[in-house]
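Visitor: For the sequence shown, the working numbering gives the first residue as 81, with consecutive numbering after it.
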Amino acid sequence: MVITHVPILPRFILLILTDDTEEILVALTPKDAVLFDLYTSLAERLASGARTAVDLVTGPIEGRSDLAKRIGKIETEADELLGKIIRRVNDMFVTPYDRGDLQQLANYLDDAMDALEEATDLVILHGVGQFPQGTIELVDAARRLAELTASSMPRLKTLKDLDHYYVEADRIEDEGDRIHRRITTLLFGGDFDAMTILRVASVINLFEDSLDEMARVARTIRTIALKES
């Protein structure tokens, strides 16, 4: 028996060729569209977390704890969505795209949210005071890429009109890398003591990690699109 799947937008069909060449077409149920909605919801949680992270690094120190707790709740919601996505993908007899790519895509989205949550949690645990110059710009880059990811994710279903997303994701990631290097250079420039360097660097590195994971999201979607073209 040979099994293939043929994309027929907006749905997919499963084509089964039996030994006697009989062809049976089995349409995937409309409820499978829920999978794409779950990805969009996960990306929206990421964008919400990134906006809250910007509020944390730009707002008063006394308000940081509440904002970090809010991000923690968003991260928990993201974990729940990840679980739903992975279970749904694993339970599908045939997936709309490569099963491994779909699993990886969900994990990258969740990893980006995890990095944001860990960074803001460490701000509280380490008692970080003032951030070095460039920190706000780095976190804002994460916000912009998260919001771009969220606004682009609904097009995962069709894989159309995503070129701008790919280009912008690469550009924002590169921008974040440059900002991160400047912050690191500043930290090791002699104006900070060793403990401050360790505490702040751990936070800054996690913000950059979140950006990197979001860029991997874009590259994974681009890989899916290439496979489906």
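Heads up, the beta-carbon is just placed ideally off N, CA and C, and yes, glycines get one too. As the structure is a computational prediction, the values presented were derived from the model and not from experiment.
1) Measure the CB-CB distance between S121 and L196 and report whether it falls below 8 Å.
2) How would you call L225, buried or exposed, if buried means at least 16 neighbouring beta carbons within 10 angstroms?
3) Taking its Cβ as the centre, do 16 or more other Cβ atoms sit within 10 Å of D190, making it buried, or is it exposed?
4) Can you have a look at R125 and say buried or exposed, based on whether 16 or more other CB atoms are within 10 angstroms of its CB?
5) Using 8 Å as the threshold, is the C-beta distance between L242 and A305 below it?
6) Within 10 angstroms of its Cβ, does M275 collect 16 or more other Cβ (buried), or is it exposed?
7) Closer than 7 Å by C-beta to A221: which residues in its own chain qualify, once you throw out the five before and the five after it? Chain order, please.
8) Rounded to a whole number of angstroms, what is the C-alpha to C-alpha distance between T38 and V137?
9) For Y60 and A295, I'd like the C-alpha separation in whole angstroms.
10) Considering Cα atoms alone, identify which of G180, L185, F173, V203 is closest to D146.
11) Flag this pair as yes or no: are the beta carbons of M193 and A158 separated by less than 8 Å?
12) Starting from D181, trace the alpha helix (DSSP H) in both directions and tell me its first and last residue.
13) Looking only at its own chain, which residues have a Cβ that is under 6 Å from the Cβ of L199, when we skip the five neighbours before and after it?
14) Suppose you measure from the CA of R235 to the CA of E217; what does that come to, to the nearest Å?
15) Excluding five sequence neighbours on each side, which residues of the same chain lie with their C-beta closer than 8 Å to the C-beta of R223?
16) Return yes when the Cβ of Y177 is within less than 8 Å of the Cβ of E293, no when it is not.
17) Please state whether the Cβ-Cβ distance between L162 and A186 is less than 8 Å.
18) Counting along the chain, where does the alpha helix (DSSP H) carrying F272 start and finish?
19) Go to V219, then tell me how far its alpha helix (DSSP H) extends in each direction, as first and last residue.
20) Comparing C-alpha positions only, which one of I166, Y188, G143, E155 sits nearest to V114?
21) Report the rounded CA-to-CA distance for M233 versus R299, giving the unit in angstroms.
Guide: Let me spell this out:
1) As a first step, residue 121 must be located in the sequence shown, where it is residue number 41. As a first step, residue 196 must be located in the sequence shown, where it is residue number 116. Against a cut-off of 8 Å, the Cβ pair of L196 and S121 comes out as no contact.
2) Walking along the sequence shown from the start, residue 225 turns up at place 145. Buried, since its Cβ has 16 or more Cβ neighbours within 10 Å.
3) Position 110 of the sequence shown, counted from the start, is the residue given in the question as residue 190. D190 is buried by the Cβ-count criterion.
4) In the sequence shown, counting from the first residue as 1, residue 125 sits at position 45. Classification of R125: buried, given that the 10 Å Cβ count is 16 or more.
5) Along the sequence shown, read from residue 1 onward, the residue named residue 242 stands at position 162. Along the sequence shown, read from residue 1 onward, the residue named residue 305 stands at position 225. Yes, the Cβ-Cβ distance between L242 and A305 is below 8 Å.
6) As a first step, residue 275 is located in the sequence shown; it is residue number 195 there, counting from the start. Exposed: under 16 other Cβ atoms inside 10 Å.
7) Taking the first residue of the sequence shown as position 1, residue 221 is located at position 141. For A221, where only same-chain residues beyond five positions count, the Cβ hits under 7 Å are I252, E255, G256, I259, L291.
8) The first residue shown for the chain is 81 and the last is 309, placing residue 38 beyond what the model contains.
9) Look at the range of the chain in this structure, 81 to 309, and you will see that residue 60 is not part of it.
10) Here residue 146 refers to the residue found at position 66 when the sequence shown is read from its first residue. Closest option to D146, Cα to Cα, is V203.
11) The residue labelled residue 193 in the question sits at position 113 within the sequence shown. The residue labelled residue 158 in the question sits at position 78 within the sequence shown. Result yes, Cβ atoms of M193 and A158 sit closer than 8 Å.
12) By one-based count along the sequence shown, residue 181 stands at place 101. Per DSSP, D181 belongs to the alpha helix (DSSP H) from 179-205.
13) Your numbering for residue 199 matches position 119 in the sequence shown. Sequence check: residue 199 is Ala here, not Leu. Once the five neighbours on either side are set aside, the close Cβ partners of A199 are V283, L286, F287.
14) The residue labelled residue 235 in the question sits at position 155 within the sequence shown. The residue labelled residue 217 in the question sits at position 137 within the sequence shown. Those two C-alpha atoms are separated by around 28 Å.
15) Against the sequence shown, residue 223 aligns to sequence position 143. Around R223: A127, A130, R131, A133, V134.
16) Taking the first residue of the sequence shown as 1, we reach residue 293 at position 213. Taking the first residue of the sequence shown as 1, we reach residue 177 at position 97. Cβ atoms of E293 and Y177: not closer than 8 Å.
17) Your numbering for residue 162 matches position 82 in the sequence shown. Your numbering for residue 186 matches position 106 in the sequence shown. The answer is yes: Cβ separation under 8 Å.
18) Sequence index remark: in the sequence shown, residue 272 carries index 192 (1-based). Run containing F272: none; DSSP gives neither H nor E here.
19) The sequence position of residue 219 within the sequence shown is 139, counting from 1. Residues 215-232.
20) Here residue 114 corresponds to residue number 34 of the sequence shown, with the count starting at 1. Taking only the C-alpha atoms, the option nearest V114 is I166.
21) Locating residue 233 in the sequence shown gives position 153, where the first residue counts as 1. Locating residue 299 in the sequence shown gives position 219, where the first residue counts as 1. Those two C-alpha atoms are separated by around 13 Å.
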